[in-house]
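Chains as they are written, first to last, in full-length UniProt numbering: chain A, 1 to 443; chain B, 1 to 443.
From the three backbone atoms N, C-alpha and C, an ideal C-beta is built for every residue, glycine too.
Every value quoted in this text rests on a predicted model; they were computed, and no experiment measured them.
So this is what it looks like as structure tokens:
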């Protein structure tokens, strides 16, 4: 039994919780607006009023709508340090400056709510340690897929289960681009241009299209799902720049759509040891898989767990309002704990798994290549796969109008390094004129 | 600021949490198996070991696999009362006996985890009051859609948002039956027989096919989503017994599938007062709506919130394993609080909304009727709708092989009572030979 069960203390019920907001961009503005508009709901749900103490911004001279000018300050450190600030909401973006502020807040005994995936994915250990030492909460639901409650689901709802695999569309910009390519037959450049014009892609789209944003989210999901530390740098990451309209068409013919997936899985290596792998790459998803019908800029996370089976969570994974929803849900949680006592389940990396080398992971390849048009070429190339122990699931041989033989091969699951080396060998083979594309399948 | 912030107490860290399980059916057996199999994971996630103190069953003479015979007892009350029991897991079923046991547990200061939707939907106030008075937790994630984390999402993730509407497929049995009717053109009786043969439907399928099971879940979702009390008896409930293969075919032709939905919404009445409505009825869902593609016995919950927008959660909504996953997730939460202090967000009905009369709710009707074949009948019947202020979205007139004129009308949104009275008037009209079916649309 629990000998000395702490009792529920309501000694702070009714007392206000002081809130500091750092950053007043799209999300910050919406958070501040909703805090004011729904203040009575927040009071009722927390057990005491949430009171805004101040908003730290870069440029204090800029007019800010919807907030008392006296609330605006350029001195974030001084705002955080105020005795009447209990919870700090970090919505700045970037890594180094918010890291400094979040650490200062945690060390000063303030709970922190952040939407900053890059910060959490790069410095999780340091942040968790600071929260632990001060006995405060660090919440970051908004860092993964905005209002889709991925963090809560992994940390709490599935806390009694064994997660086997998490795969998700966690970047809306790239899903929008791929969806345009799939549904309208566009090329990558044209689809990117539309995404930029509509505000889905930034002027410099690198973080999205090269998969870095998705990699941060994959790192966070893998850490939570497998109770281990996976940092951004541990995630194998490939973006969508090289996907062509021809790839999309070939995938369609084979019964797939191409999605940029973040995939997190626990693997067992040849020596029987568990390890964790997190990766982001364009992936062929069978058309009847729930992730295949996630269109436009929507996000969805597909979780496979031992007892729960397959679960999918779908919604807007970005944008000011959905991100504000997640931030405010966390703010209610952090504030409730300030009022009623208790802490959210914190960082927990007890499983302490090594990061699997990407070469050790089992994947499947869809290889689209041009081969010489001679008798026996199919047999010879098949032998190349067989020699490596790779079995083929489907082989499609076509002849295009110029009389060039095209070979499209879908492999069964095999070790990534073996598949990779086999493709390299094919490229050197005199039978192969050109390898058009190599895209992995969702296993 | 929070003047007297309670600090994080780890005074029980490492100490065992004593667990009593009441009931050893499919779910109980799985819970006990997983607790033993993954004991080290539970210890790490809770902060102390979970130790099974006993399992209360009806029939102690029956052999029980996977549990030490000494753990088995027929005296549930004595098990609950043991000093070394901290958390009670109720998995009995029924209402009166589990109610008595859950109340006894809460009043004795034990936190309770239950999967019993009927109990929670019928006696929420009494249970919440007992939990509140003892300062313990009452968890019931498994009561709604098993491992799909509906309760956690409504109570925690969306706690900073304003939920507008919840609609969901929350009964796997009826979804399986309707899916068979949709995909294989079966009649209701044939589809029910298959569901029974496969174990999806019970020998007496009343609770499922008449919508009672879904109504319990709708009551719970409405209570959580709108911070008010909705009991089972407050839910307007219609089942699927009267749905025919012809209804399914007519819906298909109009671009819909028929699903049994639980719908919870906040409405504003003619006097400008807010009220809550929860209802269960067969519903036409547009084929491109995410709920339309939820097949077989899967469940899905679609939530619309002010800031988050639309979210959908999909998975297995029933079965021993998924239910055990939800129970164990709750058990980790309740046990963490016993070890570390703090409480889960409890029952909170501050909004205290009245239950809207179903007649006041706005719905839409799909009406399939046989009419006399004379010039001007369409114009006359349209006038009947117009006189009631009901505008029509689509009207389709067909002539079948017997020369009987069929009229299929889809209305725009109107007050349920007005739509209902209009259909009654149509039935009495000499122009209408027969009203084949009236099915509501998801607005």
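query	result
Where residue 317 of chain B falls, given that 16 or more other Cβ within 10 Å makes a residue buried	buried
Chain A within 8 Å of residue 5 of chain B, Cβ atoms only	Because residue 5 of chain B carries a pLDDT of 40, less than 50, the predicted location of this residue cannot be relied on, and the following value inherits that uncertainty. For residue 5 of chain B, the answer is yes, since a Cβ of chain A falls inside 8 Å of its Cβ.
Best match in A:47, A:24, A:143, A:350 for proximity to residue 344 of chain B [C-alpha to C-alpha]	A:47
Residue 243 of chain A versus A:108, A:23, A:281, A:51, residue with shortest Cα-Cα distance	A:281
CB contact check: residue 221 of chain A to chain B, cutoff 8 Å	no
Span of the beta strand (DSSP E), counted from its first residue to its last, around residue 54 of chain A	50-56
Reduced DSSP category for residue 397 of chain B - H, G, I as helix; E, B as strand; rest coil	strand
Residue 430 of chain B in three-state terms, based on DSSP	coil
Members of the stretch 340-371 of chain A that neighbour chain B once the beta carbon cut-off is set at 7 Å	340, 341, 342, 343, 345, 348, 350
Any C-beta of chain B under 8 Å from that of residue 321 of chain A	yes
Whole-angstrom C-beta distance between residue 300 of chain A and residue 142 of chain A, which should lie under 8 Å	About 17 Å separates the two Cβ atoms, so there is no contact after all.
is_contact[residue 24 of chain B, chain A] using C-beta, thresh 8 Å	no
Partner residues on chain A for residue 310 of chain B, Cβ-Cβ distance less than 8 Å	315, 316
Cβ neighbours of residue 74 of chain B in the same chain (closer than 6 Å, five flanking residues each side left out)	60
Among A:209, A:288, A:111, the one whose alpha carbon lies nearest that of residue 330 of chain A	A:111
Proximal chain B residues relative to residue 148 of chain A, where beta-carbon distance stays under 7 Å	311
Whole-angstrom distance between residue 293 of chain A and residue 189 of chain B, CA atom to CA atom	32 Å
Simplified DSSP state of residue 256 of chain A, which is helix, strand or coil	strand
Closer than 9 Å at the beta carbon, the chain B residues around residue 290 of chain A	293, 314
Cβ neighbour criterion (16 or more within 10 Å) applied to residue 5 of chain A	Reliability fails at residue 5 of chain A, whose pLDDT of 40 lies under 50, so the model's placement of it is uncertain and the value that follows must be treated cautiously. Flag for residue 5 of chain A reads buried.
Runs of alpha helix (DSSP H) wholly within the stretch 299-376 of chain B (minimum 4 residues, chain order)	320-340
Residue 391 of chain B, DSSP secondary structure in three states	coil
Proximity test, Cβ basis, 8 Å: residue 325 of chain A and chain B	yes
Residues in the stretch 138-171 of chain B having any Cβ partner in chain A nearer than 9 Å	141, 146, 147, 148, 149, 151, 152, 153, 156, 157, 158, 159, 160, 161, 162
Residue 416 of chain A beta carbon less than 8 Å from that of residue 361 of chain A	yes
Euclidean distance between Cα positions of residue 269 of chain A and residue 367 of chain A	25 Å
Short Cβ contact (8 Å threshold) for residue 446 of chain A with residue 113 of chain A	This structure gives no information on residue 446 of chain A, because the portion of chain A shown stretches from 1 to 443.
Those residues which DSSP pairs with residue 444 of chain A across a bridge	Because chain A here runs from 1 to 443, residue 444 of chain A falls outside it and cannot be looked at.
Partners in chain B for residue 94 of chain A, counting only beta-carbon separations shorter than 8 Å	Simply none; closest approach about 24 Å.
Residue from B:79, B:181, B:165 whose Cα sits closest to the Cα of residue 226 of chain B	B:165
Residue 446 of chain A: first and last residue of the uninterrupted alpha helix (DSSP H) it sits in	In the structure as shown, chain A starts at 1 and stops at 443, and residue 446 of chain A therefore has no counterpart that could be examined.
Buried/exposed call for residue 30 of chain B, threshold 16 Cβ in 10 Å	buried
Those residues which DSSP pairs with residue 281 of chain A across a bridge	A:261
Pairwise C-alpha distance: residue 191 of chain B and residue 201 of chain B	10 Å
Cβ of residue 426 of chain B within 8 Å of any chain A Cβ	no
6 Å CB neighbourhood of residue 99 of chain A in its chain, flanking five on each side removed	119, 123
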